[in-house]
Amino acid sequence: MSTLLIWIVLIPFLSAALMGLVYLTGLRSNHLFYTITGILAPLLSGLFSLFIGWELLGSSADVVLHVEAFQWIALGDFDIAVAFMADRLTAVMLFFITFIGTLIHIYAAGYMSDDEAYGKFFSFFNLFMGSMLLLVLADNPIIMFVGWELVGLSSYLLIGFYHQDAKNIKAANKAFMLNRVGDFGFIIALSVLFIALEGDAFTFESIKANIGFLDNSLIALVGMLLFVGAMGKSAQIPLYVWLPDAMAGPTPVSALIHAATMVTAGVYMVARFSFLYNEVPEVGEFIALIGAFSALFAALIASYQSDIKKILAYSTMSQLGYMFIAVGLGAYSSGIFHVFTHAFFKALLFMGAGAVIVALHHEQNIFKMGGLRKHLGLVYVTMFIATLAISGIPPFSGFFSKDAILAAAFASGNYGIWMMATLTAMLTAYYMFRMLFIVFFANGHEYSNIPVLSRMMTWPLVVLAVGSAFAGLLGVNEAYGGSNGFASFIALPDRSHQLSHLAEYMLGFLNVLMALIGTGLAYKMFAVSAKEPIGDTFWKSLVMHKFYIDELYDRLIVRTLRMLSVMSDKVIDNKGVDGILHLFVSGYKTAGLLFTRLQNGKVRYYALYILAGIAVMSLLMLDTMEAM
Amino acid sequence: MLDNILSILIFFPALAAMFGFVVAKDSIRAYGVTVAAIEFALSLFLWYAYDPAVSGMQFMESLPLIPAFGISYLLGVDGISLFIIVLAAFFTLIGIASLPDMKRMKDMILTLLFLQMTMIGVFAALDAIVFYVFWELSLVPMLYIIGAWGGPLRIYASVKFFLYTFTGSLVMLVGMLFMAYFYHQATGTWSFSILEWYRLILPENIQLWLFVAFFLGFAIKVPMFPFHTWLPYAHGQAPTIGSVILAAILLKMGTYAFVRFSLPLFPDASVFFMMPIAVLAIIMIIYTAMVAYAQEDIKQVVAYSSVSHMGVIILGTFALNVEGISGSVFLMIAHGVVSGALFLLVGVIYERRHTKMMSEFGGLASVMPHYATIFGVMVMASVGLPLTINFVGEFLSLLGFYQQSHMMTLLAGIAIIVGAIYMLAAFKKVFFGEVTNEKNRNLPDVNKRELVALIPLVIIAIWLGVYPKPVLGPINNSVESIVQLMHEKAVTEEAKARIPDLTSTIVINEAKEETK
Chain A
2 MSTLLIWIVL IPFLSAALMG LVYLTGLRSN HLFYTITGIL APLLSGLFSL FIGWELLGSS
62 ADVVLHVEAF QWIALGDFDI AVAFMADRLT AVMLFFITFI GTLIHIYAAG YMSDDEAYGK
122 FFSFFNLFMG SMLLLVLADN PIIMFVGWEL VGLSSYLLIG FYHQDAKNIK AANKAFMLNR
182 VGDFGFIIAL SVLFIALEGD AFTFESIKAN IGFLDNSLIA LVGMLLFVGA MGKSAQIPLY
242 VWLPDAMAGP TPVSALIHAA TMVTAGVYMV ARFSFLYNEV PEVGEFIALI GAFSALFAAL
302 IASYQSDIKK ILAYSTMSQL GYMFIAVGLG AYSSGIFHVF THAFFKALLF MGAGAVIVAL
362 HHEQNIFKMG GLRKHLGLVY VTMFIATLAI SGIPPFSGFF SKDAILAAAF ASGNYGIWMM
422 ATLTAMLTAY YMFRMLFIVF FANGHEYSNI PVLSRMMTWP LVVLAVGSAF AGLLGVNEAY
482 GGSNGFASFI ALPDRSHQLS HLAEYMLGFL NVLMALIGTG LAYKMFAVSA KEPIGDTFWK
542 SLVMHKFYID ELYDRLIVRT LRMLSVMSDK VIDNKGVDGI LHLFVSGYKT AGLLFTRLQN
602 GKVRYYALYI LAGIAVMSLL MLDTMEAM
Chain B
1360 MLDNILSILI FFPALAAMFG FVVAKDSIRA YGVTVAAIEF ALSLFLWYAY DPAVSGMQFM
1420 ESLPLIPAFG ISYLLGVDGI SLFIIVLAAF FTLIGIASLP DMKRMKDMIL TLLFLQMTMI
1480 GVFAALDAIV FYVFWELSLV PMLYIIGAWG GPLRIYASVK FFLYTFTGSL VMLVGMLFMA
1540 YFYHQATGTW SFSILEWYRL ILPENIQLWL FVAFFLGFAI KVPMFPFHTW LPYAHGQAPT
1600 IGSVILAAIL LKMGTYAFVR FSLPLFPDAS VFFMMPIAVL AIIMIIYTAM VAYAQEDIKQ
1660 VVAYSSVSHM GVIILGTFAL NVEGISGSVF LMIAHGVVSG ALFLLVGVIY ERRHTKMMSE
1720 FGGLASVMPH YATIFGVMVM ASVGLPLTIN FVGEFLSLLG FYQQSHMMTL LAGIAIIVGA
1780 IYMLAAFKKV FFGEVTNEKN RNLPDVNKRE LVALIPLVII AIWLGVYPKP VLGPINNSVE
1840 SIVQLMHEKA VTEEAKARIP DLTSTIVINE AKEETK
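First to last, the sequence lines map onto chains A and B.
For the record, in the first sequence the residue sitting at position 502 is 503 according to my numbering, with numbers rising by one throughout.
For the record, in the second sequence the residue sitting at position 332 is 1691 according to my numbering, with numbers rising by one throughout.
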């Protein structure tokens, strides 16, 4: 059974390699091969994941499957195996990654059908799946890091997929670089941990067993450094700037990055290290605070964007902030639950947006849309469901997961964080319905020849809409008459704080109220007619320009680095280091010239040298004789 | 044959080069490829016959040359030198096989074969004088390659290369003579055998002086900051094949010599100079990475990036523990594969367009997809992505040094980030965007001759990244014995503390096994 874990990871990699080779060798005559190989890989991995999940469901909560593929690096103390593990947390991740991944693959087969580089796309896509599965299934943090970096690589490849446009590559490079900054924190954390544990077996299990022997300040350091990694991958302040630009990739890529994979890696990592973060709750509070700021910040920006994909991108960042609030405050299962529900509605939103974009011949500005509900009925209905879900309207999935997070924030006594999160809930409803109303209602434009969307693109939307509507029912808590099934299945060591049912009802009511206020505002402002915002006041233009953070980074980091580089090259290396060398050379030359002058072949000069020599020697002899 | 395999490996190419003078011009490539292929097969056989469980020297050969001074022709390989020898044979083979048509083809191939003799000689020699002879001899063919086939500044570049490295080597020679003298003082007999020298325990002050003398020779070869300024010129002017061999093999002589000479001979001095050298290494990593970022010539980017990564090798070496040294030896192989491949790749477009300026290119990914793919793989290997060959070495080197100093390692780690910046920026400039220059519109993709060289490198770069064990295992065994030797030889308390005692960990491990 455990060997299945190897196949879950290996199949996407193999199919990626196969498709890559076929594509490169030019046997790319028909799409069918790529479609089948491309979709089959996540499908098979998904089936195997279901087996694994079934096995874990039937056994007790602490059963963990292990399998070792081969020894990777073995050096004295340092012994790292390519090994995989699966517990219930892994099973949940596996389920939605492969399930939603497969749907996105099917959708992509429709979306990309006219693209020349169809095979390349699916090769990269499966590489992405494989990397993510490697990250999730890793038995030790080093292998997790490998998956972590490979996810960065595949996102680089996919964001820069349309490489003829240099702008896209800029976005890809930005994503790769910012992820590397995070990865650096991650790998340093692992080194600190490894050396602190004195090289005992470095698997998650043994770290968990030995964590008690470590100093709290050291654990705090490791926790912070790991979170730096999460900031990069999961786009939190201050390393988030790559995420909005990552929209440069094809829309299925955005769906994959934002919903099922990549950005959820950071949340998963914190949950995976829950035993470590439970030792240092103050680090967790910091994480929650960063999450709350990111959530609010991104929601504010999203409210003023005009690009449909950018709105969704900032909304992802904002929702990730919620997840970090949860895992930071120790409500790991609520955090993962939100990851789970978010995967459904965010994938749906992106794929719906992709359908709109395709229908309008690659128009992304929402203010050039409007009234589309008559033309794209199915897309409209499904996106409506997703919007309800993300805004937290019961009984759609987002309500339950978001409510659990807000309740956890309130119960833990971090009222500042709770207030920010509640405010964000209102903004979420506002910007999401703003988008929905502008795109599908508002004053319609005249559209000519809207193409019929292929089935490949529409029926995944329906499946996801069902998921977005009902996935939340898996984790209904006691207050709403459920049994908290999700949390008890995933069995993470939550630091739970009890709330009375009355308090939960009141919080839930407040959330719904906030969401309704947001919706109402959006309806009033945008449902009938919509005008593109103009940055006429200081605040408006500040928000519209995303608080000028990109410009700030550019000035502060990129240009400084560039300047230092040019200075190092032109001044220090050329004039300084080489200059000193040339100084030696010219000194040598001068000395040579001097000696040539001395040796001029004229006898009278030589006689002079002899005389001088004798004089010096006589003086020396005189000196020594006197001393005697 | 096994008894003399090292001698065969050293002298077969030189002998073949002699015979090569009478080979007809149009069959010289076939001749060169055949010779290099036989040599490579021999080196693979050496690897096959090598016993990875033994940590000491294998295939030793000994022949007294000047018995009065204890100079003998002494050869042997261990896990540290084995793979560099295989790599040298491999690069000579693919170098000759992928050689573009050029003037004086025959001279080039014969020079390369002669160069191969000196390279393998350096890594197989266990006698300081034999080592020195091969070390200096290697300058001659390289000088010829740069001087005869180089770019417009080739004379300046080759003279700078020669004088700079030669000066360093002379100081190293003086150091060797003194070392032999001290050996004579202590034992009453003369010997230049490195293995004999290993047994000699020197007082710390003598170690310091000798260390500096050796250091100068090695550091210029590596080249370490601030002795690196000869390298950009050498790379800038050298033909592709010259840069490939220089980056892949010749520079490794310096780092190899640190492991072979400096560490085991002068353990206390190594500890004494650990921090200053680490500072130099870190300056070298970050500073050259930044200089690389400022370059406009793609070959200079690769050249400076090659220097930058050599800094990580130095850092790992001077971690003075098993992780660090094994990592750095592994990184020597990795660096050889990756920077060798990058120079070959730069040669591909240079040959098509006769320019290396990045501003002349752009959008090549659409025109030459295979080329872009291979280049991309190597760029990713160069920035140290996991599951590529560089990651294993870099990670182990940094992990090793982390045990000596946290702050320094953090600083070095910044190079990981800066490294990605300049590589990705260069990759973007050359390959992505629209094809802006009409001359690039119809460039042919990589041809079969080039693929013969590049595909094996891609395979190695990924294979050893995914499964490094076949190489890492033998390296580890030999490095362990060196670290143990250093620990036992160390005189000062600090050195004893800094260099781990492996016997104790082995005892602990055994105790653990028993309790289980």
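Each residue gets a CB set at the ideal place from its N, CA and C atoms; glycine is no exception.
Integer-rounded CB distance, given that residue j should sit under 8 Å from residue i
i         : j         : result
B/LEU1474 : B/PRO1511 : B/LEU1474 to B/PRO1511, Cβ: 23 Å. No contact.
A/GLY371  : A/ALA303  : Their Cβ separation, rounded to whole angstroms, is 19 Å, which puts A/GLY371 and A/ALA303 out of contact at 8 Å.
B/ILE1488 : B/GLY1391 : So it is not a contact: roughly 30 Å between Cβ atoms.
B/ASN1749 : B/LEU1813 : Not really, about 17 Å apart at Cβ, beyond 8 Å.
B/PHE1586 : B/ALA1578 : 6 Å
A/ALA300  : A/TYR432  : 7 Å
B/GLY1792 : A/ILE170  : 7 Å
B/PHE1702 : B/ALA1854 : Wrong, their Cβ atoms sit about 39 Å apart, outside the cutoff.
Check whether residue i and residue j have beta carbons under 7 Å apart
i         : j         : result
A/PRO452  : A/ILE107  : no
B/VAL1661 : B/GLN1654 : no
B/ALA1637 : B/LEU1674 : yes
B/LEU1485 : B/GLU1420 : no
A/ALA390  : A/ALA256  : no
A/MET248  : A/LYS310  : yes
A/ASP551  : B/THR1588 : no
B/ILE1672 : B/LYS1715 : no
A/SER307  : A/GLU117  : no
A/GLY153  : A/ASN180  : yes
A/ALA523  : A/PHE441  : no
B/ASN1835 : B/SER1685 : yes
A/ALA82   : A/ILE53   : no
Contact list for residue i against chain B, beta-carbon separation under 9 Å
i        : result
A/MET178 : ILE1776, ALA1779, ILE1780, LEU1783
A/ASN174 : ALA1779, ILE1780, LEU1783, ALA1784, PHE1786, LYS1787
A/ILE74  : VAL1751, PHE1754, LEU1755, PRO1827, LYS1828, LEU1831
Strand pairing of residue i, partner residues [DSSP]
i         : result
B/PRO1423 : B/SER1431
B/MET1716 : B/ASP1656
B/ASP1486 : B/SER1552
A/ILE81   : A/ILE74
B/ALA1812 : DSSP output for B/ALA1812 lists no bridge partner at all.
A/HIS67   : A/MET86
B/GLN1417 : B/VAL1436
B/ALA1456 : For B/ALA1456, which the question treats as bridged, DSSP gives no partner whatsoever.
A/ALA139  : A/PHE85
Heavy atom of the ligand SAH within 6 Å of residue i beta-carbon
i       : result
A/LEU90 : As for the ligand SAH, it is missing from this structure, which has no ligand bound.
Interface residues of chain B facing residue i [CB-CB closer than 8 Å]
i        : result
A/LEU134 : Correct list: empty, because the minimum Cβ distance to chain B is about 14 Å.
A/GLY77  : VAL1681, GLU1682, ASN1835, GLU1839, LEU1861, THR1864
Interface partners of residue i on chain A, CB under 9 Å
i         : result
B/THR1676 : Simply none; closest approach about 15 Å.
B/ALA1724 : HIS164, GLN165
Amino acids of chain A, ordered along the chain, whose beta-carbon sits closer than 7 Å to that of residue i
i         : result
B/HIS1729 : LEU25
Would you list, in sequence order, the uninterrupted alpha helix (DSSP H) runs of no fewer than 4 residues that lie entirely inside the stretch 233 to 320 of chain A? Correct list: 243 to 246, 252 to 256, 264 to 273, 275 to 278, 282 to 303.
### Query
Which residues, in chain order, does the stretch 154 to 166 of chain A contribute to contact with chain E at a C-beta distance below 9 Å?
The question asks about chain E, but that chain is absent: this structure's protein chains are A and B.
Query - alpha helix (DSSP H) runs wholly inside the stretch 1611 to 1653 of chain B, at least 4 long, in chain order - result: Given a length threshold of 4 residues, each whole run of the alpha helix (DSSP H) inside the stretch 1611 to 1653 of chain B is given here in chain order: 1626 to 1631, 1633 to 1652.
Exercise. Which runs of the alpha helix (DSSP H) fall wholly inside the stretch 511 to 580 of chain A and span at least 4 residues, in chain order?
Worked result: Assignment of alpha helix (DSSP H) within the stretch 511 to 580 of chain A, counting only whole runs of 4 or more residues, yields 539 to 545, 550 to 554, 561 to 568 in chain order.
field: Segments assigned alpha helix (DSSP H), at least 4 residues, entirely inside the stretch 1581 to 1613 of chain B
entry: DSSP assignment within the stretch 1581 to 1613 of chain B yields the following whole alpha helix (DSSP H) runs of 4 residues or more, N-terminal first: 1589 to 1596, 1599 to 1604.
| Contiguous alpha helix (DSSP H) assignments of at least 4 residues, all confined to the stretch 408 to 443 of chain A | Counting only runs of 4 or more, we get 416 to 441.
Task: alpha helix (DSSP H) runs wholly inside the stretch 6 to 39 of chain A, at least 4 long, in chain order - done: Runs found: none.
- Task: Pick out the complete alpha helix (DSSP H) segments inside the stretch 1489 to 1551 of chain B, 4 residues or longer, and give them in chain order.
- Result: You should have 1498 to 1508, 1513 to 1546.
Entirely enclosed alpha helix (DSSP H) segments - the stretch 340 to 421 of chain A, minimum 4 residues: Those alpha helix (DSSP H) runs which fall completely within the stretch 340 to 421 of chain A and span 4+ residues are 378 to 392, 398 to 412.
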